[in-house]
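Since the structure comes first, as structure tokens, the remarks are kept for the end.
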Amino acid sequence: MADDLLFTRTDGVATLTLNRPDKLNAFTVGLHRALAAALDEIEGDAAVRAVLLTGAGRGFCAGQDLAERAATMASGTQSGGSALETWYNPLIRRLRRLEKPVVCAVNGVAAGAGANVALACDIVLAARSASFIQSFARIGLVPDAGGSYVLPRLVGLARASGLALLGDRLSAAQAAEWGLIWRVVEDHALMGEATALARHLAQQPTRALAFIKQALNASPGNTLDQQLDLERDLQKQAAATEDFREGVAAFLEKRPPRFVGR
Ligand code: LHQ
523 MADDLLFTRT DGVATLTLNR PDKLNAFTVG LHRALAAALD EIEGDAAVRA VLLTGAGRGF
583 CAGQDLAERA ATMASGTQSG GSALETWYNP LIRRLRRLEK PVVCAVNGVA AGAGANVALA
643 CDIVLAARSA SFIQSFARIG LVPDAGGSYV LPRLVGLARA SGLALLGDRL SAAQAAEWGL
703 IWRVVEDHAL MGEATALARH LAQQPTRALA FIKQALNASP GNTLDQQLDL ERDLQKQAAA
763 TEDFREGVAA FLEKRPPRFV GR
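Each position in the sequence shown, counted from 1, maps to that position plus 522 in our numbering.
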């Protein structure tokens with residue numbers, strides 16, 4: 523259903539709202555398709571320089587729609603793997619590789635793959651009442667959508683193990699304290715702050731922000747020597763941008779810079 527995802531573009535920001543509020547925005551094939559199509563447009567639209575992802579209603583996303591998957595979930599199998607191959611893994615790769623910053627406004631519970639989609643975004647803000655649940659083990663599954671990759675890296679093995687093995691609810695405040703997310707925002711202020719942050723990012727030197735994402739993505743698997751080489755290569759490209767020239771000129775002329783994302 524087209525309305526399963528709301529997609530707007532304003533002030534250089536594409537806002538994607540998961541919109542199945544009655545089911546806490548759980549992922550169906552329809553929602554995945556709509557999200558993939560929106561990301562295609564976002565990738566191809568130079569006027570979009572930042573993305574904001576959020577959910578409608580009281581939840582952010584409850585992960586895979588278990589009703590849609592009921593038959594295959596019960597047999598526990600191939601289809602689970604193929605849903606990952608077809609939808610979740612490409613989504614996580616795209617969010618990480620998208621050459622535009624992605625802000626996630628977690629407006630309510632983020633469970634299962636819903637939690638890990640949020641954690642694949644670059645800057646995660648969560649409403650005070652939001653929570654994160656690695657609910658997989660509760661139904662006999664393994665953290666997916668990058669959860670087993672990102673959790674130990676963000677919060678360390680002890681906390682990652684507790685979260686993944688127990689599937690307990692983690693409050694937004696605890697998530698921020700542990701370094702799982704960037705910041706907690708009072709519920710009423712979440713969308714205002716997240717929108718302002720995304721608009722701010724859209725005005726920044728977004729080519730450099732894309733290179734920063736690339737460097738941070740590569741970091742966990744690299745040695746110091748490899749990372750230093752990568753920084754050198756990315757810096758060469760950043761230094762060749764119009765925005766770098768503008769940044770330096772604005773600094774020297776003591777005026778605000780006007781970045782164009784090139
Ligand atoms: C839902 C769901 C849901 C359908 C709430 N599906 N309806 C990938 C690929 C292939 C295979 C499998 O998995 C994956 C990745 C995954 O994401 S696996 C993990 C799937 N997600 C879960 O296990 C979480 C299931 N949901 C919950 O545990 C609870 O709903 C949470 C803790 C998220 C929220 O609890 P409450 O605030 O008490 O809300 P609720 O449970 O009453 O849910 C509200 C409605 O949303 C309700 O519908 P209804 O028609 O009865 O009002 C739920 O059935 C529906 N809903 N999650 N994943």
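Positions of the beta carbon are idealized from the N, C-alpha and C atoms, including for glycine.
In the structure shown, G585 adopts coil according to DSSP, grouped into three states. Of all C-beta pairs linking the region 699-717 to the region 671-681, three or more are shorter than 8 Å, placing the two stretches in contact. Taking a cut-off of 8 Å for Cβ pairs, the region 680-689 and the region 620-629 do not touch, as fewer than three such pairs fall below it. For G668, the CB stays at least 7 Å from every heavy atom of ligand 1. Note on R777: under 16 other CB atoms within 10 angstroms of its CB, so exposed under the neighbour-count rule.
The C-alpha of E768 is placed about 42 Å away from the C-alpha of N547. With a cut-off of 7 Å, the C-beta of L673 is classified as distant from ligand 1, since no heavy atom of the ligand falls inside that distance. As computed with DSSP, L540 is found in a beta bridge with L527, G577. Less than 8 Å separates the beta-carbon of N744 from that of L752. Exclusion of the five residues before and after R618 leaves A642, N739 as the residues of its chain whose Cβ lies within less than 7 Å of its Cβ. In the three-state reduction of the DSSP assignment, V664 falls in the coil class.
In summary, K622 is buried, with 16 or more beta-carbon neighbours lying within 10 Å of its beta-carbon over all protein chains present. Rounded to whole angstroms, the separation of the alpha carbons of A711 and F582 is 16 Å. Contact check between the region 757-764 and the region 712-724: fewer than three CB pairs, one atom from each, fall below 8 Å, which does not count as touching.
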